[in-house]
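*Asks:*
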Amino acid sequence: MPTDPTAHMTPKAREAYAKAQQMISECKASGDTVLDLVGLGLTALPPEIGQLTKVTVLYLSNNRLSTLSPEIGQLTALTVLSLENNQLSTLPPEIGKLLKLKFLLLGHNALKELPEELRQLKLTNLQLGGNELLGLPTEMVGVDDPEATWVHMFPDDILRFYFSRLTQGDAPMQEVRVLLIGRGRVGKTSLIKALQNTNPDPKEPETPGITVSQLPLTCPQGEAKAHMWDFGGQEFLHGTHQIFLSERCVYVLVLEGREGNWEAETDYWLRFIQSFGGNSPVIVVLNKYAEHPFSVDTFRLRERCPQIVGFVNTDAVTRMGVENLCDLLTQTVDGMKEVWLTVPRNWHRVKEALEQMPDRYLGYPAYQALCARHEVVEAQEQDSLASTLHQLGIALNFRDHARLKHTSVLKPEWVTDGIYGLLRYTQAKDCHGVFQRDWMSDALPAEHYPAEKHDFVLELMAKFEVAFPLDGDERWLIPELLRETQPEAFAEFTGDGVQRLRFIYPDALPPGLLPRFIVRTHEMSDGHPNWRWRSGVVLEWEACRALVRLNRSERRTEIAVINCPRDDQQNLFDLIRAHLTILHGKVRVIEEVELPEHPDTWVKATKLRLLETKNIAETQEETKEGDLTTVPVKATLDPVESQESRDSTNSDSPAPLRLFVSYAHADERKIRALSRHLTVLGSRGYIQTWQDTQLIAGEQWMERILEELAKADTVLLLYSENSQASKFIQETEAPEAVRRAKEGRTRLIVVPLDTKDWDKSHPLEKDLSTFQTATWNAKPVLHHKPHGEGWTAVREAILKVVRDMRGKLDGERRKMGRV
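Just so we're aligned: the sequence shown equals residues 28 to 846 in my numbering.
1) Just tell me which of Leu508, Pro533, Glu567 has its CA closest to the CA of Ala539.
2) Flag this pair as yes or no: are the beta carbons of Ile310 and Val349 separated by less than 9 Å?
3) Using 8 Å as the cut-off, can you tell me whether the segment 399–413 makes contact with the segment 376–388, which would need three or more C-beta pairs spanning the two stretches below that distance?
4) Is the beta carbon of Cys353 sitting closer than 9 Å to the one on Leu222?
5) Might you give, ordered along the chain, the residues of its own chain that have their beta carbon closer than 6 Å to the beta carbon of Thr33, omitting 5 neighbours on each side?
6) Would DSSP call His254 helix, strand or coil?
7) Taking the alpha helix (DSSP H) that Lys215 falls in, what are its first and last residues?
8) Using alpha carbons as the reference points, say which of Pro681, Ala682, Gln195, Ile698 lies closest to Ser689.
9) Comparing C-alpha positions only, which one of Gly522, Glu515, Arg636 sits nearest to Pro556?
10) Take Val65 and list the residues in its own chain whose beta-carbon comes closer than 6 Å to its own, dropping the five residues that flank it on each side.
11) Taking the alpha-carbon positions, what's the Asp31 to Lys55 distance?
12) In the DSSP assignment, the alpha helix (DSSP H) including Pro392 goes from what residue to what residue?
13) Please state if the CB of Arg527 and the CB of His704 are separated by a distance shorter than 9 Å.
14) So Trp374 is in the alpha helix (DSSP H); what residue range does that whole segment cover?
15) Return the first residue and the last residue of the beta strand (DSSP E) that Trp568 is part of.
16) Check whether the segment 190–206 and the segment 357–375 touch, using three or more Cβ-Cβ pairs below 8 Å as the test.
17) Apart from the five residues on each side of it in sequence, which residues of its chain come closer than 6 Å, Cβ to Cβ, to Gly100?
18) Taking 9 Å as the threshold (C-beta atoms), are Lys651 and Thr628 in contact?
19) Contact defined as beta carbons within less than 8 Å: I believe Val667 pairs with Val707. What is the distance between those atoms, to the nearest angstrom?
20) Do Trp568 and Asp595 count as a contact pair if the criterion is CB distance below 9 Å?
21) Please report the distance separating the alpha-carbon of Trp177 from that of Glu144.
22) Measure the C-alpha to C-alpha separation of Asp601 and Phe544 and round it to an integer number of angstroms.
23) Does DSSP put Leu485 in a helix, in a strand, or in coil?
24) How should Trp818 be labelled, buried or exposed, when 16 other C-beta atoms within 10 angstroms of its C-beta is the threshold for buried?
25) Using the Cβ count rule (16 or more neighbours within 10 Å means buried), how would you classify Val61?
26) Under 7 Å Cβ to Cβ from Gly209, same chain only, skipping five residues before and after it: list those, please.
27) Return helix, strand or coil for Ala343, following the three-state DSSP convention.
28) With H, G and I counted as helix, E and B as strand and the rest as coil, what does DSSP make of Ala137?
29) Near Ala343, what residues of its chain come up, given a Cβ to Cβ distance below 6 Å and the 5 sequence neighbours on each side ignored?
30) Can you tell me the Cα-Cα spacing of Gln597 and Phe517, whole angstroms?
31) Give every residue of the same chain whose Cβ lies closer than 7 Å to the Cβ of Ala317, excluding the five residues on either side of it in the sequence, and list them in chain order.
32) Have a look at Val205 and Trp441 and give me their C-alpha separation to the nearest angstrom.
33) Inspect the CB distances between the segment 783–799 and the segment 654–671 and report whether three or more fall short of 8 Å.
34) Leaving out the 5 sequence neighbours to the left and right, which residues in its chain are closer than 6 Å to Val765 when beta-carbon positions are compared?
35) Please list, in chain order, all residues of the same chain as Arg91 whose beta carbon is under 7 Å from its beta carbon, the five residues on each side excluded.
36) If you draw a straight line from the alpha carbon of Arg711 to that of Arg772, how long is it in whole angstroms?
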């Protein structure tokens, strides 16, 4: 007699098993192609599952499956298999028979190993996060978050890395970056010397930028090497620190009690760490303790920053507490799983070869050749190794940037000295932050910074919002070095008819807030470059003008917009809010709206939004004078925020459409004005843009580009003379967009940028001529006077398409929402 598979099950498990059998039978009878067995409590999958040879999507997440029956291999039509949040320790080899499978979601199981047969599949997405026993790096499989479905690594690369460790052998890197931060003169450099058993110099000069040294640590799991990064503490350097801060590091916050302002100092720096370092462990050091003893509220700080692992009182000169700090650092590094994750041994050989090179930087082709000599031959595996080396600070490489990716920096000080050298040179010029490109040869020593590397330094500053070009690229503005004083009274922002909004930061100011905001929005202030200063800027949008100003002493950002057409006003407020929200990071923020009829009386925007969702039309607020006034909810919110932006935050709001932007990278500066329109549409929940300005067309990135194009609901094709000259656009990207649009898989919006004459003898342009263009009568955007009229037409075209598609696509996504 056949064995009863439910004999050893609990009653609930047997009930779930029977329910699954019934649903499988019904699915087979109906011919459905989607079967949803989510959350039934299954401990085993009925073998009848093998009968569903027509099913293309199978949901099995949130069960208690520890094994997967081999009959799964009979579902040869499957394209999606969702197994998240189970208890799987292995997968059957029969899974390799699912040759049509594209999505394999295995997050949050107990997988110990993967079958070799997985390599037979041509997967588009592979989720493995939350399977700690596989020992895969976080950046490869994604964060440990059940909601994080997609990862950026290609499935083939993940599997190649996993199996290469099995064939070549593996070992942990056993290295970590330790970043010492804090304001100037707190003794960071002396503390590092004390840890290294070197006598500190009481008259140690202030670190001019960043210095890097090594510290061996004897951990219970083995010897580890700490790369000690000493950050200069001068305030104007803080905004540039973000270039080098990352996750998977140890942060050592160094304070001293001479000025008695530990509370403001810790708030500022802890928010700084949390904005860029994620959940990295933090050690708080109370330095120069013998000279100026002080204490901090450890309980409050741990509440604010849970990743604080300890507090140590130290004095580098007397060596007080130095041993305790070393012990805590050793204990912290020993507990970091990333330090002990294994990687293929040939990765170690590449790392060692790079460390031994005397060069300050290495061209990426030379890096690839070095990898190949040590049997790291696949391009994506070379990228993965580059990412790991970047995390460790051994060789910085910015793989997500079209121009920066071509250089690996072997000596991080080369970057820091270059950027800080330019900052200090510009500061000494007293030129209000405007740097002349032809100054670079004087600012930087030629033997270390040849002319062909000047672009690298400038592009790095642009990428991290430290600077941006003015009038081409011969002059660059560094907002951190702008004048401190407001250039004009701007009295027009103080009278009647001005709408005001403010963001208050109760704990600490976000790092580099206004300088970075100026970089992000600089196209909107280019018309009046003199209206920029270190803590403020005036922006223009169509008929509107906004004053954005940081009040440091009150810890708040103030926004005032002169009365203008309602739609333009909302666009401007929505755009400002969208950029500030990103720049706020994890800093706690209170957003308030001024009541127009009661100057300097403010009401919380979150309160008004909540009342609106509850259909409460009015509320009572106390005025500055102490009286009560009636506040109309919608009428108070509308001038400073569009209804669409408010609706986009509701849980039942329609899903944003994925918008793929196709353009020639030679046109990057020509299309910058488009970004503000896309930002507004994104803030209102209409679109989720994939505009990979960091990638350029080429064989190495083709798969990623086509993958994003395949996901797109809408493609925005910016067609220009440079597009006509781009082989990748002409032969691959644009034809694929046209094909998908003709098949009804996406909507194609054609935007003539600087040309409108279609060559009907050219197959691609003949096809493009059949699509309605974003501008009237196919008038190129750059032929509009002003150009803003053309970009407004593009925004309206996107909005029209989104509204037309939204209902249908949202319904489909809700059905397929787990994918």
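Yeah, the Cβ is synthetic: ideal placement off N, Cα and C, and Gly gets one too.
These numbers come from a predicted model, not from an experiment.
*Replies:* Concretely, from the data shown:
1) Position 512 of the sequence shown, counting from 1, holds the residue named residue 539. According to the sequence provided, residue 539 is Gly. The question's Ala does not apply to it. Measuring from the Cα of Gly539, the nearest candidate turns out to be Leu508.
2) Mapped onto the sequence shown, residue 310 falls at position 283. Mapped onto the sequence shown, residue 349 falls at position 322. Contact: no.
3) yes
4) Sequence index remark: in the sequence shown, residue 353 carries index 326 (1-based). Sequence index remark: in the sequence shown, residue 222 carries index 195 (1-based). Cβ atoms of Cys353 and Leu222: closer than 9 Å.
5) As a working note, residue 33 is residue 6 in the sequence shown. Only Arg41, Tyr44 meet the Cβ criterion.
6) Indexing the sequence shown from 1 puts residue 254 at position 227. Reduced to three states, the DSSP call for His254 is strand.
7) Start at 1 with the first residue of the sequence shown, and residue 215 comes out as number 188. Per DSSP, Lys215 belongs to the alpha helix (DSSP H) from 215–222.
8) By one-based count along the sequence shown, residue 689 stands at place 662. Among Pro681, Ala682, Gln195, Ile698, the Cα nearest to that of Ser689 belongs to Ile698.
9) Within the sequence shown, the letter at position 529 stands for residue 556. When each option's Cα is compared against that of Pro556, the closest is Glu515.
10) In the sequence shown, the residue the question calls residue 65 occupies position 38. The residues are Tyr86, Ser88, Asn89.
11) The residue labelled residue 31 in the question sits at position 4 within the sequence shown. The residue labelled residue 55 in the question sits at position 28 within the sequence shown. Cα-Cα distance, rounded: 23 Å.
12) Locating residue 392 in the sequence shown gives position 365, counting from the first residue. 391–400 is the extent of the alpha helix (DSSP H) around Pro392.
13) For this step, residue 704 is matched to residue 677 along the sequence shown. For this step, residue 527 is matched to residue 500 along the sequence shown. No, the Cβ-Cβ distance between His704 and Arg527 is not below 9 Å.
14) Position 347 of the sequence shown holds residue 374. Per DSSP, Trp374 belongs to the alpha helix (DSSP H) from 372–383.
15) The sequence position of residue 568 within the sequence shown is 541, counting from 1. From DSSP, the beta strand (DSSP E) with Trp568 extends over 563–568.
16) yes
17) Numbered from its first residue, the sequence shown carries residue 100 at position 73. So the list reads Glu121, Lys124, once near-sequence residues are dropped.
18) Translated into the one-based positions of the sequence shown, residue 628 becomes position 601. Translated into the one-based positions of the sequence shown, residue 651 becomes position 624. Yes, the pair counts as a contact, with Cβ atoms nearer than the cut-off.
19) Here residue 667 refers to the residue found at position 640 of the sequence shown. Here residue 707 refers to the residue found at position 680 of the sequence shown. Contact flag wrong, Cβ pair sits at about 14 Å.
20) Translated into positions along the sequence shown, residue 595 becomes position 568. Translated into positions along the sequence shown, residue 568 becomes position 541. In contact: Asp595 and Trp568 (Cβ atoms closer than 9 Å).
21) By one-based count along the sequence shown, residue 177 stands at place 150. By one-based count along the sequence shown, residue 144 stands at place 117. For Trp177, the predicted structure reports a pLDDT of 35, less than 50, and the residue's modelled location is therefore unreliable. A value from the coordinates is still provided. Looking at the two C-alpha atoms, the distance is approximately 22 Å.
22) To locate residue 601, count along the sequence shown from 1; it is residue 574. To locate residue 544, count along the sequence shown from 1; it is residue 517. Going by the C-alpha atoms only, they are around 14 Å apart.
23) Against the sequence shown, residue 485 aligns to sequence position 458. Here Leu485 sits in helix by DSSP.
24) What you label residue 818 is simply residue 791 of the sequence shown in a count that begins at 1. By the 10 Å Cβ count, Trp818 comes out buried.
25) The sequence position of residue 61 within the sequence shown is 34, counting from 1. Exposed, because fewer than 16 other Cβ atoms sit within 10 Å of the Cβ of Val61.
26) Here the question's residue 209 lines up with position 182 in the sequence shown. Closer than 7 Å at the Cβ level, and outside the excluded window around Gly209, lie Lys215, Gly260, Leu280, Val281, Leu282, Trp296.
27) By one-based count along the sequence shown, residue 343 stands at place 316. Residue state, collapsed to three classes: coil.
28) As a working mapping, residue 137 is identified with position 110 in the sequence shown. Three-state DSSP puts Ala137 in coil, outside helix and strand.
29) Counting from one through the sequence shown, the residue named residue 343 turns up at place 316. Excluding sequence neighbours, Ala343 sits near Gly214, Ser217, Leu218, Ala221, Pro227.
30) For the purposes of this step, residue 597 is taken as the residue at position 570 of the sequence shown. For the purposes of this step, residue 517 is taken as the residue at position 490 of the sequence shown. So the two alpha carbons sit approximately 21 Å from each other.
31) The residue you call residue 317 lines up with position 290 of the sequence shown. Correct list, in chain order: Asp342, Thr345, Met347.
32) Stepping through the sequence shown from its first residue, residue 205 is reached at position 178. Stepping through the sequence shown from its first residue, residue 441 is reached at position 414. Cα to Cα, the separation comes out at about 19 Å.
33) no
34) Taking the first residue of the sequence shown as position 1, residue 765 is located at position 738. Taken in chain order, the residues that qualify are Asp794.
35) Counted from its first residue, the sequence shown places residue 91 at position 64. Contacts found: Gly68, Leu69, Thr70, Asn113, Gln114.
36) Position 684 of the sequence shown, counting from 1, holds the residue named residue 711. Position 745 of the sequence shown, counting from 1, holds the residue named residue 772. So the two alpha carbons sit approximately 24 Å from each other.
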